[in-house]
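Undergrad: Numbering (my numbering), first residue to last: 729 to 916. Just passing along the structure, written as structure tokens.
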């Protein structure tokens, strides 16, 4: 495990397949098989769930014929206990599989929880002259749209009007155009 990219599961696979030593593995296929067979719910990236899966993998890794077992577990997950449209009727362990017996194959393993994006509300000030010229300002060199020319942006209408009075010397006639939703990768 001292080599870059070789974690606990890869090291276990090498020890097991190359050297015949009993060593647990927990790649994505094995996580799926164990989650379904033993009804382990919760996202496998969660430390408590991952710990439980490692315990199961360790407990069921046989002391002999470890290479055959390791390869069989990976193959079972890759070819039978597939992520989508698993072939449960062909599975050699379906009679003891909790997910199969309880009709939960579609919900196990638990998917990674989606992060709820925060909502940010901004006001963009579109100032247009009688000649239909639009007022733009250059954004800071750091942050979103760094260094680009954009309409002035404010947290609220009062801030926009105060800015106009201070920097432009007047408060423009205005009307609100309504709300627009724009989604970024990390917020709305």
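Think of the CB as a built atom: it goes at the ideal place given N, C-alpha and C, for glycine as much as any other residue.
(1) Let's test the definition: count the other Cβ atoms within 10 Å of the Cβ of residue 712 and tell me whether it reaches 16, buried, or not, exposed.
(2) Among residues of its own chain, excluding the 5 on either side of residue 795, which ones have a beta-carbon nearer than 6 Å to its beta-carbon?
(3) Would you decide whether residue 910 is buried or exposed? Buried here means 16 or more other CB atoms lie within 10 Å of its CB.
(4) Residues in the same chain with beta-carbon distance under 8 Å from residue 841, minus the five sequence neighbours each way, listed in chain order, please.
(5) How would you write the range of the alpha helix (DSSP H) that residue 817 sits in, first residue to last?
(6) May I ask you to report which of helix, strand or coil DSSP gives residue 856?
(7) Return helix, strand or coil for residue 911, following the three-state DSSP convention.
(8) Taking its Cβ as the centre, do 16 or more other Cβ atoms sit within 10 Å of residue 801, making it buried, or is it exposed?
(9) Quickly, what does DSSP pair residue 894 with across the bridge? List them, please.
(10) Which residue marks the beginning of the alpha helix (DSSP H) containing residue 828, and which one marks its end?
(11) Exposed or buried, which one is residue 730 when buried takes at least 16 other CB atoms within 10 Å?
(12) Nearest to residue 843 by CA position, among 792, 913, 896, is which residue?
(13) If we count the other Cβ atoms within 10 Å of its Cβ and call it buried at 16 or more, is residue 753 buried or exposed?
(14) Assuming the contact rule is C-beta atoms closer than 8 Å, residue 851 and residue 888 should be a hit. Round their C-beta distance to whole Å, please.
(15) Return helix, strand or coil for residue 732, following the three-state DSSP convention.
(16) Can you name the start and end residues of the alpha helix (DSSP H) that residue 883 belongs to?
(17) Please state if the CB of residue 784 and the CB of residue 759 are separated by a distance shorter than 7 Å.
(18) Residue range of the alpha helix (DSSP H) that residue 782 falls in?
(19) Would you say the beta carbon of residue 841 is closer than 6 Å to some non-hydrogen atom of the ligand NAD?
(20) What residues match up with residue 771 in a beta bridge as DSSP calls it?
TA: In this structure, then:
(1) Past the boundaries of the shown model lies residue 712; the chain is included only from 729 to 916, so the question cannot be answered.
(2) Within the chain shown, the letter at position 67 stands for residue 795. For residue 795, where only same-chain residues beyond five positions count, the Cβ hits under 6 Å are 744, 745, 748.
(3) Translated into positions along the chain shown, residue 910 becomes position 182. By the 10 Å Cβ count, residue 910 comes out exposed.
(4) One-based indexing of the chain shown puts residue 841 at position 113. The answer, listed in chain order, is 771.
(5) By one-based count along the chain shown, residue 817 stands at place 89. Here residue 817 belongs to no alpha helix (DSSP H), and DSSP marks it neither H nor E.
(6) Start at 1 with the first residue of the chain shown, and residue 856 comes out as number 128. Note: residue 856 maps to strand in three-state DSSP.
(7) Mapped onto the chain shown, residue 911 falls at position 183. Three-state DSSP puts residue 911 in coil, outside helix and strand.
(8) Residue numbering aside, residue 801 sits at position 73 when the chain shown is read from its first letter. So residue 801 counts as buried.
(9) Residue mapping note: residue 894 aligns to position 166 of the chain shown, counting from 1. Per DSSP, none; premise fails for residue 894.
(10) Sequence index remark: in the chain shown, residue 828 carries index 100 (1-based). First-last of the alpha helix (DSSP H) with residue 828: 826–829.
(11) Stepping through the chain shown from its first residue, residue 730 is reached at position 2. Residue 730 should be labelled exposed.
(12) The residue labelled residue 843 in the question sits at position 115 within the chain shown. Answer by Cα proximity: 913.
(13) As a working note, residue 753 is residue 25 in the chain shown. Buried: at least 16 other Cβ atoms inside 10 Å.
(14) Against the chain shown, residue 851 aligns to sequence position 123. Against the chain shown, residue 888 aligns to sequence position 160. The pair is a contact, with the Cβ atoms about 5 Å apart (cut-off 8 Å).
(15) The residue given as residue 732 occupies position 4 in the chain shown. Correct three-state label for residue 732: coil.
(16) Position 155 of the chain shown, counted from the start, is the residue given in the question as residue 883. Counting along the chain, residue 883 falls outside any alpha helix (DSSP H), and DSSP gives it neither H nor E.
(17) Here the question's residue 759 lines up with position 31 in the chain shown. Here the question's residue 784 lines up with position 56 in the chain shown. Taking 7 Å as the Cβ cut-off, residue 759 and residue 784 do not qualify as a contacting pair.
(18) The sequence position of residue 782 within the chain shown is 54, counting from 1. Residues 775–788.
(19) Questions concerning the ligand NAD fall outside what the structure shown contains, since it holds no ligand whatsoever.
(20) Translated into the one-based positions of the chain shown, residue 771 becomes position 43. 838.
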